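First comes the structure, then the notes that go with it.
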Amino acid sequence: MLDTTHAPIGPADVAGVRRLARDGRLAGSASTAPPDALARLRGAVYSVAWPLVFTRITKPLERQRRHPDCARGLEWLRPDCLDGFHDDVEAVVEHALRRATDPIENFDGWLATRLSPATVDAHRRRRGEIGALQRPRLPAWLSEALGGDPWLCDLAVQILVWAGVPTTAGAELWPLDGWAARRAEVTGAPPAGRDTLDLEVRTVLAAMRSRPKWHAEHVERPLGHKRAPVAPMPADGAAEPTPLRLVGPDEADDARLVGRAEEALRAIEARLDRGQDPATAVAAVVRRVFGSTGNALDRLPHHGSTREDWLATALADEARLERIVATVLEVLGR
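Residue 45 in the numbering used here sits at position 61 of the sequence shown, and the numbers go up by one each step.
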């Protein structure tokens, strides 16, 4: 029987866990243990599991991420990497306390064989809890929307995978540098610049938004759970750090324009109900909502000219104004 005091976990506790495993009683003991005894069991299994997790999972992963400092040891792990390490160890501990039901002569060796299934299952479970797809696959409709382009289809899967990762790419949302290398592998073309990758990401996201409910559940919702990186305090006189943006400026522009358009439609409909001429109503509302007095945008989206130039040109052109009025009336069902 393991000691149930609050003393630090020691060799006797670890020896007790190995003895329970040899007797085939580890999972059973964990399921019936009172809280204090269960805490000691967890601590002892943790002591066995963490060196295995670091050596076989964490270190190779950090090298793959090109984090040589993190691969040196626990004390060198960056905060986000340390969180991931603890998640993996906890997953292995929980797995052992549930699955060690048969006699296990070599507990350490058995635990080493359970690292991958334990951490993968826990990873998928955590993804599912925040709405991310547990096993991201490319839906047929999304492949069709992307024209079957091999790279864009691959990028769509990478976006779905990344949406469920709890961290960000440093101060950015998307790991564009890593995707640039993958793009070169998939396409055989020279590495693309960040502007190209950014445009392609927006292309894929636009295709995903053609199914708004699916996009909200499997992309927007998990992205909202990402932990923003904690920046150090700026030195005296240093510029304030740029806040993390979960959407790009073009996406923010689109969202603001949709909101303004809804406001404009309500205002136009109210004027039409009062018997105002459609062309007069549309021109007046568009000027108010999208003009400088409406403070809709400080610029046109996607690097366009000034809004005043756009409004003046659009509303002064009778044919263009007629098309705008006709569109508005069609949307309002008039």
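Backbone N, C-alpha and C fix where the C-beta goes; we use that ideal spot for every residue, glycine too. In this text, all values refer to a predicted model and were calculated from it rather than measured experimentally.
query = Taking buried to mean at least 16 other C-beta atoms within 10 Å of its own C-beta, is residue 210 buried or exposed?
reply = Against the sequence shown, residue 210 aligns to sequence position 226. Looking at its Cβ environment, which holds 16 or more other Cβ atoms inside 10 Å, residue 210 is buried.
query = When we look at the beta-carbon of residue 119 and count the other beta-carbons within 10 Å, is it buried (16 or more) or exposed?
reply = Taking the first residue of the sequence shown as 1, we reach residue 119 at position 135. So residue 119 ends up on the exposed side.
request  = Over the uninterrupted alpha helix (DSSP H) stretch that includes residue 97, give me the two end residues.
outcome  = On the sequence shown, position 113 is the one that residue 97 refers to. 91 to 97 is the span of the alpha helix (DSSP H), which, as asked, contains residue 97.
message = Check this for me: beta carbons of residue 102 and residue 79, under 8 Å apart or not?
response = Working through the sequence shown from its first residue, we reach residue 102 at position 118. Working through the sequence shown from its first residue, we reach residue 79 at position 95. The Cβ-Cβ distance between residue 102 and residue 79 falls below 8 Å.
inquiry  = With a threshold of 8 Å, are at least 3 pairs of Cβ atoms found where one atom belongs to the segment 66 to 73 and the other to the segment 116 to 131?
reply    = No, the segment 66 to 73 is not in contact with the segment 116 to 131.
key: Short Cβ contact (8 Å threshold) for residue 135 with residue 170   = Residue mapping note: residue 135 aligns to position 151 of the sequence shown, counting from 1. Residue mapping note: residue 170 aligns to position 186 of the sequence shown, counting from 1. Cβ atoms of residue 135 and residue 170: closer than 8 Å.
ask   = Counting pairs of Cβ atoms below 8 Å between the segment -7 to 12 and the segment 24 to 41, do you hit three or more?
value = As far as the Cβ criterion goes, the segment -7 to 12 touches the segment 24 to 41, which means the pair count is three or higher.
ask   = Would the segment 259 to 275 and the segment 304 to 311 be scored as touching if the rule is three or more Cβ pairs under 8 Å?
value = They touch, by the three-pair rule.
key: Proximity winner among 300, 258 and 188, relative to residue 270 (alpha-carbon distances)   = By one-based count along the sequence shown, residue 270 stands at place 286. Here the closest residue by C-alpha is 300.
inquiry  = Tell me whether the segment 133 to 147 and the segment 187 to 207 touch, counting them as touching only if at least three CB pairs, one residue from each stretch, are closer than 8 Å.
reply    = Counting Cβ pairs under 8 Å, three or more are found: they touch.
key: Limits of the alpha helix (DSSP H) - the one that residue 308 falls within   = Indexing the sequence shown from 1 puts residue 308 at position 324. Note, residue 308: alpha helix (DSSP H), 302 to 316.
ask   = Roughly how many angstroms separate the alpha carbons of residue 108 and residue 10, rounded to a whole number?
value = To locate residue 108, count along the sequence shown from 1; it is residue 124. To locate residue 10, count along the sequence shown from 1; it is residue 26. Spanning the two alpha carbons is a distance of roughly 25 Å.
key: Rounded straight-line distance, which links the Cα of residue 30 to that of residue 186   = Locating residue 186 in the sequence shown gives position 202, where the first residue counts as 1. Locating residue 30 in the sequence shown gives position 46, where the first residue counts as 1. Using only the alpha carbons, I get a separation of about 43 Å.
query = Going by the CB atoms, is the gap between residue 188 and residue 249 shorter than 8 Å?
reply = Position 265 of the sequence shown, counting from 1, holds the residue named residue 249. Position 204 of the sequence shown, counting from 1, holds the residue named residue 188. Going by beta carbons, residue 249 and residue 188 fall outside the 8 Å limit.
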